[in-house]
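K.L.:
Mind having a look at this structure? Questions to follow.
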Amino acid sequence: MYPARKPAQQIERVVSLRAPIGGWNARDPLAAMPPGDAVILDNFFPATTSCNLRNGYQVWMTDFPDQVETLMVYAGGATTKLWAVSDGDIYDATSGSTSSPPAVGAAVVTGLANSRFQYINVTPSAGTAYMLAVNGADKLQGYDGSVWYEDGDGSHDITGVNTATCSQINLFKNRVWLIPNVGLKAYYLGTNAIAGSASAWDLSAIANLGGNLVAMGTWTIDAGEGADDYAAFVTDRGEVIIYLGTDPTSASTFELKGVWQIGAPVGTRCFLKYAGDLLLITQDGIYPMSGALQSSRVQPQVALSNKIQYAVSQAVDSYGANFGWELFYFPGQNQLWCNVPVSSTERNQYVMNTISLSWCRYTGWDFNTFALMNDIAYAGGADYVAVAWSSNADDGTGINGDALQAFNYFNTPGIQKRYTLMRPIFLSNGAPSIYASLNIEYDIQQPTATLAVTPVTYGTWGTSLWDAGIWGAGLTPTKYWQGVTGVGFCAGIRMMAQCAGIELQWMSTDLVMEKGGVL
Numbered sequence: 285m286y287p288a289r290k291p292a293q294q295i296e297r298v299v300s301l302r303a304p305i306g307g308w309n310a311r312d313p314l315a316a317m318p319p320g321d322a323v324i325l326d327n328f329f330p331a332t333t334s335c336n337l338r339n340g341y342q343v344w345m346t347d348f349p350d351q352v353e354t355l356m357v358y359a360g361g362a363t364t365k366l367w368a369v370s371d372g373d374i375y376d377a378t379s380g381s382t383s384s385p386p387a388v389g390a391a392v393v394t395g396l397a398n399s400r401f402q403y404i405n406v407t408p409s410a411g412t413a414y415m416l417a418v419n420g421a422d423k424l425q426g427y428d429g430s431v432w433y434e435d436g437d438g439s440h441d442i443t444g445v446n447t448a449t450c451s452q453i454n455l456f457k458n459r460v461w462l463i464p465n466v467g468l469k470a471y472y473l474g475t476n477a478i479a480g481s482a483s484a485w486d487l488s489a490i491a492n493l494g495g496n497l498v499a500m501g502t503w504t505i506d507a508g509e510g511a512d513d514y515a516a517f518v519t520d521r522g523e524v525i526i527y528l529g530t531d532p533t534s535a536s537t538f539e540l541k542g543v544w545q546i547g548a549p550v551g552t553r554c555f556l557k558y559a560g561d562l563l564l565i566t567q568d569g570i571y572p573m574s575g576a577l578q579s580s581r582v583q584p585q586v587a588l589s590n591k592i593q594y595a596v597s598q599a600v601d602s603y604g605a606n607f608g609w610e611l612f613y614f615p616g617q618n619q620l621w622c623n624v625p626v627s628s629t630e631r632n633q634y635v636m637n638t639i640s641l642s643w644c645r646y647t648g649w650d651f652n653t654f655a656l657m658n659d660i661a662y663a664g665g666a667d668y669v670a671v672a673w674s675s676n677a678d679d680g681t682g683i684n685g686d687a688l689q690a691f692n693y694f695n696t697p698g699i700q701k702r703y704t705l706m707r708p709i710f711l712s713n714g715a716p717s718i719y720a721s722l723n724i725e726y727d728i729q730q731p732t733a734t735l736a737v738t739p740v741t742y743g744t745w746g747t748s749l750w751d752a753g754i755w756g757a758g759l760t761p762t763k764y765w766q767g768v769t770g771v772g773f774c775a776g777i778r779m780m781a782q783c784a785g786i787e788l789q790w791m792s793t794d795l796v797m798e799k800g801g802v803l
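Structure follows, in structure tokens:
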């Protein structure tokens, strides 16, 4: 009688990993990174249930003389206009088109020293809405809904401060505040005034570290008896000075609330009004003002950029002096963009999902600035204005995504595995070009794969002809097994994609491996 045969030990196993919706992680060690995070996440936006290849842009208006470095939105009641500044000239960029982008018309303001403006919209008691803009080199420029004017034209004169030296402007408690390039004095106009005598507010006795004022923001917080607005001044040494009150001419109605030390601000567009809070780009990362003042540089966890802090620190160290740092909130897509000026021609965007606080990086968008008008995101490029997030291609060119999911030991850290099969699962409305592979043992090098894509153009309702136009299909799953090779203790899923004219959502990945021994 033969002895009973022992069942063969199963050495092959299948694991399923969700797409890395935890987002880009440039903080944790590779050996300790959560499996739902990514070492690299370029042009894949970490949505709440999938990682989606980002949308692209379409050119809106062309033939600007140089880089478009400022976009300004005039909001005057029912009238909304988009203004673009290029080569020291201001142009009306309102009436563009993504289907047939027109060349820009004649400039309405010419001969300015630079194109880097900060601006506000203000409506004085007279009822006319104005847009006021400063660039630190020219007299304040104003727009009243019909014509542009300059400080000193005889009708809109500002005295007490030379507005040509002011590079920042803010509206606080119905007063216009101006911040000169040098010094620790801020200047304010009368209540509901857009001209007239400006009074100085000297902060030199308050700013213990000296330096210069960089910016001023309006910070809305709960004061215990309801929300109130605080005036936040920040210096180039990283001191934040907070005041509460309405009338700076009276100590009893304009009270110093405190002075805090944070990282030095980065760029002239370092502030962003974000709901009731203020966001600030600093050497320590991107902070909400509420968290920054509570931690005072000792708790980096309060930074919105905490998970990508090493990448932010490297970018600030390498590119902090470049023009183009800017925060932009895109509410329609629940995204916060931090523009990172790598060079005069190359820009990246560090992008946060405002729901999950997960991050990724956009590449291929070489934009200098952004503006939101009628819930549409506009961007200033090399010699054009574009509409961002308006198509599934970058001006007709395919979008390249690259992701490296966190390295994973698959619950057997001391055991070698041989990886044999992979099945990435996508949702798409076309035929994307995909390259899926594995990186073994903390190798983060990009595969030398060439992706080819055929652009897809779908019909446009009201324009394309029946039986001629191709109509976009809904998203359908794509899931095919493919062979992979690799032996190691840990592996990270590498996903590269290129698409033009179609959507792509990465849902999850199945992986087959055989368990080996310790050696």
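Reminder that position 317 of the sequence shown reads as 601 in the working numbering, one-by-one numbering, no gaps. Quick reminder that beta carbons are idealized off the backbone N, C-alpha and C, glycines included.
Rounded to whole angstroms, what's the CA-CA distance from E353 to T653? Just pull it up for me.
P.N.:
To locate residue 353, count along the sequence shown from 1; it is residue 69. To locate residue 653, count along the sequence shown from 1; it is residue 369. Approximately 6 Å between the Cα atoms of the pair.
K.L.:
Over what stretch of residues does the beta strand (DSSP E) that includes V343 continue unbroken?
P.N.:
For the purposes of this step, residue 343 is identified with residue 59 of the sequence shown, where counting begins at 1. Residues G340 to M345.
K.L.:
Cα separation between L620 and V299?
P.N.:
Reading the sequence shown from its first residue, position 336 is the one you call residue 620. Reading the sequence shown from its first residue, position 15 is the one you call residue 299. C-alpha separation (whole angstroms): 33 Å.
K.L.:
In this structure, how does DSSP classify S640 when only helix, strand and coil are distinguished?
P.N.:
As a position in the sequence shown, residue 640 is number 356, starting the count at 1. Correct three-state label for S640: coil.
K.L.:
Identify the residues that DSSP records as bridge partners of I683: which are they?
P.N.:
Numbered from 1 along the sequence shown, position 399 holds the residue referred to as residue 683. Partner(s): C783.
K.L.:
So, with DSSP's three-state summary, where would you put Q593?
P.N.:
The residue you call residue 593 lines up with position 309 of the sequence shown. Q593: helix per DSSP, three-state reduction.
K.L.:
Thinking R707 and T793 are a contact (beta carbons under 8 Å), I'd like their distance in whole angstroms, please.
P.N.:
For the purposes of this step, residue 707 is taken as residue 423 along the sequence shown, with counting starting at 1. For the purposes of this step, residue 793 is taken as residue 509 along the sequence shown, with counting starting at 1. Confirmed, Cβ separation roughly 7 Å.
K.L.:
Look at the alpha carbon of A599 and the alpha carbon of L562, and state the distance between them as a whole number of angstroms.
P.N.:
What you label residue 599 is simply residue 315 of the sequence shown in a count that begins at 1. What you label residue 562 is simply residue 278 of the sequence shown in a count that begins at 1. Going by the C-alpha atoms only, they are around 22 Å apart.
K.L.:
Drop a sphere of 10 angstroms on the beta-carbon of A605, count the other beta-carbons inside from all chains shown, and report buried for 16 or more, exposed for fewer.
P.N.:
Reading the sequence shown from its first residue, position 321 is the one you call residue 605. When all chains shown are included, A605 counts as exposed.
K.L.:
Considering only the alpha carbon of each residue, which of V768, A677 and A720 lies closest to V343?
P.N.:
Against the sequence shown, residue 343 aligns to sequence position 59. Residue A677 is the option with its Cα nearest to V343.
K.L.:
Of the residues A417, Y427 and W432, which one's Cα is nearest the Cα of L462?
P.N.:
Counted from its first residue, the sequence shown places residue 462 at position 178. For the residues A417, Y427 and W432, the minimum Cα distance to L462 belongs to A417.
K.L.:
Smallest Cα separation from N713: which of E296, L759, G395 and T530?
P.N.:
Within the sequence shown, the letter at position 429 stands for residue 713. When only C-alpha atoms are compared, the closest one is L759.
K.L.:
Since Q567 is in the beta strand (DSSP E), which residue starts that stretch and which ends it?
P.N.:
Here residue 567 is taken as the residue at index 283 of the sequence shown, counted from 1. First-last for Q567: undefined, no H or E at that position.
K.L.:
Alpha carbon to alpha carbon, how far is S370 from A315?
P.N.:
Start at 1 with the first residue of the sequence shown, and residue 370 comes out as number 86. Start at 1 with the first residue of the sequence shown, and residue 315 comes out as number 31. When rounded, the distance between both Cα atoms is 47 Å.
K.L.:
Once DSSP output is grouped into helix, strand and coil, what is the label at M706?
P.N.:
As a working mapping, residue 706 is identified with position 422 in the sequence shown. Strand, per DSSP.
K.L.:
The beta strand (DSSP E) with T793 in it runs from where to where?
P.N.:
Along the sequence shown, read from residue 1 onward, the residue named residue 793 stands at position 509. From DSSP, the beta strand (DSSP E) with T793 extends over L788 to K799.
K.L.:
When you compare each of D727, A489, A670 and K423 to L656 by their alpha carbons, which one comes out closest?
P.N.:
Taking the first residue of the sequence shown as 1, we reach residue 656 at position 372. Minimum Cα distance to L656 is reached at A670.
K.L.:
Using beta carbons (cut-off 8 Å, strictly below), is T412 in contact with chain B?
P.N.:
The structure shown has no chain B; it contains just one protein chain.
K.L.:
So, A690 versus D321, is the Cβ gap smaller than 8 Å?
P.N.:
Within the sequence shown, residue 690 is the residue found at index 406, counting from 1. Within the sequence shown, residue 321 is the residue found at index 37, counting from 1. Against a cut-off of 8 Å, the Cβ pair of D321 and A690 comes out as a contact.
K.L.:
Please state the DSSP three-state secondary structure of G772.
P.N.:
On the sequence shown, position 488 is the one that residue 772 refers to. Residue state, collapsed to three classes: strand.
K.L.:
Give the DSSP-derived three-state secondary structure of S409 in the structure shown.
P.N.:
Working through the sequence shown from its first residue, we reach residue 409 at position 125. Coil, per DSSP.
K.L.:
Would you say the region 539 to 552 touches the region 522 to 530, given that touching needs at least three Cβ pairs under 8 Å?
P.N.:
Judged by Cβ distances under 8 Å, the region 539 to 552 makes contact with the region 522 to 530, as three or more pairs qualify.
K.L.:
For A672, which residues of its own chain have a beta-carbon under 6 Å away from its beta-carbon, when the five flanking residues on both sides are left out?
P.N.:
Numbered from 1 along the sequence shown, position 388 holds the residue referred to as residue 672. These residues qualify, in order along the chain: Y341, A661 and A663.
K.L.:
Taking the runs of the beta strand (DSSP E) that are 3 residues or longer, which of them lie wholly in the region 460 to 521?
P.N.:
Complete beta strand (DSSP E) runs here, min 3: 469 to 472, 483 to 486, 497 to 506 and 511 to 519.
K.L.:
Spatial neighbours of T537 within its chain, please: C-beta separation below 7 Å, excluding the five flanking residues on both sides.
P.N.:
Stepping through the sequence shown from its first residue, residue 537 is reached at position 253. Excluding sequence neighbours, T537 sits near G529, T530 and D531.
K.L.:
Tell me, please, whether the region 496 to 506 touches the region 431 to 450 by the rule of three or more beta-carbon pairs shorter than 8 Å.
P.N.:
Counting Cβ pairs under 8 Å, fewer than three are found: no touch.
K.L.:
Note down the Cα distance separating P408 from A362, rounded to an integer number of angstroms.
P.N.:
Numbered from its first residue, the sequence shown carries residue 408 at position 124. Numbered from its first residue, the sequence shown carries residue 362 at position 78. Going from the Cα of P408 to the Cα of A362 covers about 16 Å.
K.L.:
Please say whether I683 and L337 have beta carbons closer to each other than 8 Å?
P.N.:
The residue labelled residue 337 in the question sits at position 53 within the sequence shown. The residue labelled residue 683 in the question sits at position 399 within the sequence shown. Cβ atoms of L337 and I683: closer than 8 Å.
K.L.:
How far does the beta strand (DSSP E) with P761 in it reach, from first residue to last?
P.N.:
Translated into the one-based positions of the sequence shown, residue 761 becomes position 477. Per DSSP, P761 belongs to the beta strand (DSSP E) from T760 to K763.
K.L.:
Please report the distance separating the alpha-carbon of V796 from that of W765.
P.N.:
Translated into positions along the sequence shown, residue 796 becomes position 512. Translated into positions along the sequence shown, residue 765 becomes position 481. Cα-Cα distance, rounded: 10 Å.
K.L.:
Distance, Cα to Cα, E610 vs A775?
P.N.:
For the purposes of this step, residue 610 is taken as residue 326 along the sequence shown, with counting starting at 1. For the purposes of this step, residue 775 is taken as residue 491 along the sequence shown, with counting starting at 1. Each residue's Cα considered, the two are about 36 Å apart.
K.L.:
Go ahead and label G801 buried or exposed: buried means 16 or more other beta carbons lie within 10 angstroms of its beta carbon, across all protein chains shown.
P.N.:
Taking the first residue of the sequence shown as 1, we reach residue 801 at position 517. By the neighbour-count rule (16 or more Cβ atoms within 10 Å), G801 is not buried but exposed.
K.L.:
Let me know if A390 comes out buried or exposed under the rule of 16 or more other beta-carbons within 10 Å of its beta-carbon.
P.N.:
Locating residue 390 in the sequence shown gives position 106, counting from the first residue. By the neighbour-count rule (16 or more Cβ atoms within 10 Å), A390 is not buried but exposed.
K.L.:
Apply the 10 Å Cβ neighbour rule to Q729 and answer buried if 16 or more other Cβ atoms are within range, or exposed otherwise.
P.N.:
Here residue 729 is taken as the residue at index 445 of the sequence shown, counted from 1. With fewer than 16 Cβ atoms within 10 Å of its Cβ, Q729 is classed as exposed.
K.L.:
Give me the DSSP bridge partner(s) of E296.
P.N.:
In the sequence shown, residue 296 corresponds to position 12, counting from 1. According to DSSP, E296 bridges with E798.
K.L.:
What residue range does the beta strand (DSSP E) around C622 cover?
P.N.:
In the sequence shown, the residue the question calls residue 622 occupies position 338. That run of the beta strand (DSSP E) goes Q619 to P625.
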